[in-house]
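Quick note on our numbering: the sequence shown kicks off at 52 and runs consecutively. Where is the CB? At the ideal position from N, CA and C, for every residue including glycine. Below is one structure, written out as structure tokens; the observations come after it.
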Amino acid sequence: MSDSLASCTTLITKHFQLPDEELAPHQSSEQALEDALASIINNLINQDMTRLMNAFYKIDLDEVKFKKILTTAAPDQIGITLAREVIKREMQKVKTREQYRNF
């Protein structure tokens, strides 16, 4: 497991207000994290859209990209597609923080 992936998992856990142990077993690979996060996102789409929107706001996920995924992706692909975007955005944050930590 890379330090970047662990940091990304920590950010996702915080922004989605998840228990620490929910994603921890899935941080062994980006694919495992993506699958676990997709399941969580699908659950939130069906049960708590407000919480999902709050998480995306905290993550700073592009609203246009979010709406495009919701309207154009196949229903069974929405969760996995959003999970990929969340991980990509959080990894950008981790890399930026690592860059500036060295100054």
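query: Length of the line joining the Cα atoms of Ser80 and Glu72; result: 16 Å
query: Reference Ser55; option with closest CA among Met142, Ala124, Gln150 and Arg152; result: Met142
query: Asn105, DSSP secondary structure in three states; result: helix
query: Nearest-angstrom Cα separation, counted from Thr122 out to Pro70; result: 30 Å
query: Where Arg243 falls, given that 16 or more other Cβ within 10 Å makes a residue buried; result: What is shown of the chain runs 52 to 154, which leaves residue 243 out entirely.
query: Simplified DSSP state of Phe117, which is helix, strand or coil; result: helix
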